[in-house]
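Visitor:
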Amino acid sequence: MKVLITGATGYVGRRIVKKLSESFDDISVLTLNRDVVKAESLLPYSICKHVSISEMEKEIPIFKPDICIHLATLSTSRNDDDIIDPMIEANITFGVKLLSALSKLDSFSLFINTGSFAEFRCGSENGFDDAYLYTATKSAFRHFVDYYSHLRGFKYINVVPYTIYGGNDTAKKLMDYMMESISSINPVKMSPGNQILDFIHVDDVVDFYINAVKIQEKVPLLKNGENFYIGTGIGTKVRDLASLIETKTGKKLNILWGGIDYRPLDVMYA
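In the numbering used here, the protein residues as written are 4 to 273.
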């Protein structure tokens with residue numbers, strides 16, 4: 004089996020690559036990277052070949068992947084003018100070029116796209132309602148995936164993780180800020196904290212991707228373009244999470260609730 008992965012050096016990606024190396028006897032992985040040296044350092048697995056994004060059009064036809072796990076993204080809540088071009092380049096243009104390269108392969112069967120729960124600000128049952136410019140680009144990209152899927156006949160699914168926690172990440176997450184507030188001299192400014200979020204451990208998210216790879220032979224049975232919402236189904240208010248951390252640690256969090264405003268279209272219930 005041959006798997007192409009974008010965003011392999013990221014928080015979720017590097018765990019997926021590690022798990023693939025542990026879970027399959029006969030697998031090859033090609034990763035597309037902006038920094039190949041970083042990929043070689045973080046992912047020193049014999050199953051992997053790490054190449055530059057600039058080599059994509061040459062390397063993909065040589066590798067001939069069966070599956071693509073698309074994780075690479077520029078994720079930010081910014082919506083200023085300076086972020087528009089790099090965000091569209093990362094979240095749409097790169098992905099379309101990737102799809103174009105994959106569409107030329109007869110062997111390619113499954114594209115695993117990664118979305119965001121913030122594409123569904125008012126709940127998945129109400130359809131797309133993007134909370135951020137970032138998620139608007141993710142929603143827009145789905146149309147390109149759908150186009151190439153129908154053009155070339157490969158299947159695709161959309162993985163929609165909810166609020167991921169656990170492990171070490173270079174980008175701080177909500178729980179990191181809460182934990183750091185314990186030893187902070189100055190209060191950590193947060194929103195009023197009434198958002199209700201579904202927290203899912205990174206290992207559970209990784210397991211979904213691994214299982215998706217394992218069912219490759221059942222690809223024809225998949226509903227094309229189906230969304231898979233990866234969460235627990237249980238919502239926790241941000242303030243309640245803070246109280247839980249205080250109970251478990253026996254320490255007081257130094258948080259200034261309401262120190263920053265909600266974002267204009269913040270997700271209040273996920």
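Where is the CB? At the ideal position from N, CA and C, for every residue including glycine. Remember, it's a predicted structure, so these values are computed and weren't measured experimentally.
1. Throw me the rounded Cβ distance for the P1 and G261 pair, which I believe falls under 8 angstroms.
2. Residue ranges of each beta strand (DSSP E) run of no fewer than 3 residues wholly in the stretch 211-267, ordered along the chain?
3. Using 10 angstroms around the beta-carbon of V40, count the other beta-carbons present and answer buried if the total reaches 16, otherwise exposed.
4. Are three or more beta carbon pairs between the stretch 138-145 and the stretch 175-185 nearer than 8 angstroms?
5. Can you name the start and end residues of the alpha helix (DSSP H) that P310 belongs to?
6. Can you have a look at F231 and say buried or exposed, based on whether 16 or more other CB atoms are within 10 angstroms of its CB?
7. Might you give, ordered along the chain, the residues of its own chain that have their beta carbon closer than 6 angstroms to the beta carbon of K217, omitting 5 neighbours on each side?
8. Please classify A174 as buried or exposed, where buried requires at least 16 other C-beta atoms within 10 Å of its C-beta.
9. Just mark T76 as buried or exposed, buried being the case when its beta carbon has 16 or more other beta carbons within 10 Å.
10. Just to confirm before moving on: does the CB-CB distance between A134 and V241 stay below 8 angstroms?
11. First and last residue of the alpha helix (DSSP H) that includes L177?
12. Could you work out which residue in P89, I160, Y212 is closest to I19 when comparing CA atoms only?
13. Starting from T9 and walking both ways along the alpha helix (DSSP H), at which residues does that stretch end?
14. In terms of alpha-carbon separation, which member of K226, G170, E122, F147 lies closest to L268?
Guide: On the basis of the data shown:
1. In the structure displayed, the chain extends from 4 to 273; residue 1 sits before or after that span and is not available.
2. 229-233, 258-260
3. Translated into the one-based positions of the sequence shown, residue 40 becomes position 37. V40 comes out exposed.
4. no
5. Nothing about residue 310 can be read from this structure; the chain reaches only from 4 to 273.
6. In the sequence shown, residue 231 corresponds to position 228, counting from 1. By the 10 Å Cβ count, F231 comes out exposed.
7. What you label residue 217 is simply residue 214 of the sequence shown in a count that begins at 1. Result list for K217: empty, nothing under 6 angstroms.
8. Along the sequence shown, read from residue 1 onward, the residue named residue 174 stands at position 171. Exposed, because fewer than 16 other Cβ atoms sit within 10 Å of the Cβ of A174.
9. Translated into positions along the sequence shown, residue 76 becomes position 73. Per the 10 Å Cβ criterion, buried.
10. Numbered from 1 along the sequence shown, position 131 holds the residue referred to as residue 134. Numbered from 1 along the sequence shown, position 238 holds the residue referred to as residue 241. For A134 and V241, no; Cβs fall outside 8 angstroms.
11. Working through the sequence shown from its first residue, we reach residue 177 at position 174. Where L177 is concerned, the enclosing alpha helix (DSSP H) stretches over 177-184.
12. Start at 1 with the first residue of the sequence shown, and residue 19 comes out as number 16. I19 has its Cα closest to that of Y212, out of P89, I160, Y212.
13. Indexing the sequence shown from 1 puts residue 9 at position 6. That residue, T9, is in no alpha helix (DSSP H); its beta strand (DSSP E) goes 5-9.
14. In the sequence shown, residue 268 corresponds to position 265, counting from 1. Nearest option by C-alpha distance: E122.
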